[in-house]
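Reading through the structure tokens given below for one structure.
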Amino acid sequence: MQGLEKFESGLWKIADNLRANSNLASNEYFMPIMGLIFLRHATNRFYEAQAALEADKRAGKMPDRPLVEADFTRRRALKLPEAARFDVILKTPKDGNLGAALTAAMEAIEAAFPPLAGQLPKDYGRFESSVLEEMMRMFDSEGLRNASGDVFGRIYEYFLAEFSKQGAHDNGEFFTPPSIVQTIVNVIEPDHGVILDPACGSGGMFVNRR
Numbered sequence: 035m036q037g038l039e040k041f042e043s044g045l046w047k048i049a050d051n052l053r054a055n056s057n058l059a060s061n062e063y064f065m066p067i068m069g070l071i072f073l074r075h076a077t078n079r080f081y082e083a084q085a086a087l088e089a090d091k092r093a094g095k096m097p098d099r100p101l102v103e104a105d106f107t108r109r110r111a112l113k114l115p116e117a118a119r120f121d122v123i124l125k126t127p128k129d130g131n132l133g134a135a136l137t138a139a140m141e142a143i144e145a146a147f148p149p150l151a152g153q154l155p156k157d158y159g160r161f162e163s164s165v166l167e168e169m170m171r172m173f174d175s176e177g178l179r180n181a182s183g184d185v186f187g188r189i190y191e192y193f194l195a196e197f198s199k200q201g202a203h204d205n206g207e208f209f210t211p212p213s214i215v216q217t218i219v220n221v222i223e224p225d226h227g228v229i230l231d232p233a234c235g236s237g238g239m240f241v242n243r244r
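Those letters in the sequence shown? Residues 35 to 244, per the working numbering, in order.
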């Protein structure tokens, strides 16, 4: 996918906007965002498998009958309920409550696929619908509608890394990397006298010794 790095950066800005508009720590909005990535990828896999199965029926490679869950499983896809498909959710009027529609979609998936019970985020109601819709529309680009698992793997890894950074300074906390602390300690050599450490980190970085 061309321009993936730029896309990731733009998507993270929207994710950060989600945080800013909800007053939540990163560990609280991490799963809802990962849930949107899951939903986009699961929808892609569903339509890809559906198209392949219908092609097999037309070619006489399988009986002309309604598709069942096992057909999709063999294609490494979930037979998503209609109300749980990314594009359907985005196009259906939500009466200003997109969060409720997304929560209902996650509940429908868990009901249809017992192994996922209790695993999907269902707290979208706490977010502003406008912010959720902006993020969903980013995921509804032509590139992502046709993206493979490799692309979503890359996006997932990117978000994990960014959330890891964000989690390091939630609630005003920031943890300086050990390599930087050691460099400062080596330069200043704070082994005598009185030192002001206004940042007052967890124990203070200047407790280090060469």
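Backbone N, C-alpha and C define an ideal beta-carbon position, used for all residues, glycine too.
### Query
For the alpha helix (DSSP H) that aspartate 121 lies in, which residues bound it at each end?
Taking the sequence shown and counting its residues from 1, the one referred to as residue 121 is at position 87. Start and end: 120 to 125.
### Query
Excluding five sequence neighbours on each side, which residues of the same chain lie with their C-beta closer than 7 Å to the C-beta of tyrosine 158?
Counted from its first residue, the sequence shown places residue 158 at position 124. The answer, listed in chain order, is Pro66, Gly133, Leu136, Thr137, Leu166.
### Message
Can you find the residues in the same chain that come closer than 7 Å, C-beta to C-beta, to leucine 154, ignoring five residues on each side of it along the sequence?
### Response
Sequence index remark: in the sequence shown, residue 154 carries index 120 (1-based). Taken in chain order, the residues that qualify are Gly69, Met140, Ile143, Glu144.
### Message
Among Leu114, His75, Arg188, whose alpha-carbon lies nearest the alpha-carbon of alanine 146?
### Response
In the sequence shown, residue 146 corresponds to position 112, counting from 1. Checking every option, the nearest Cα to that of alanine 146 belongs to Leu114.
### Residues near alanine 111 by beta carbon distance below 6 Å, same chain, minus five either side
Taking the first residue of the sequence shown as 1, we reach residue 111 at position 77. Hits under 6 Å: Arg79, Phe80, Ala83.
### Message
I'd like to know whether the C-beta atoms of leucine 87 and arginine 109 end up nearer to each other than 8 Å.
### Response
In the sequence shown, the residue the question calls residue 87 occupies position 53. In the sequence shown, the residue the question calls residue 109 occupies position 75. Going by C-beta atoms, leucine 87 is nearer than 8 Å to arginine 109.
### Task
With distances taken Cα to Cα, identify the nearest neighbour of tryptophan 46 among Asp184, Arg179, Phe173, Ala181.
Locating residue 46 in the sequence shown gives position 12, where the first residue counts as 1. It is Phe173 whose Cα lies nearest to the Cα of tryptophan 46.
### Message
Please state whether the Cβ-Cβ distance between asparagine 131 and serine 163 is less than 8 Å.
### Response
As a working mapping, residue 131 is identified with position 97 in the sequence shown. As a working mapping, residue 163 is identified with position 129 in the sequence shown. It is a contact, given that the beta carbons lie within the stated cut-off.
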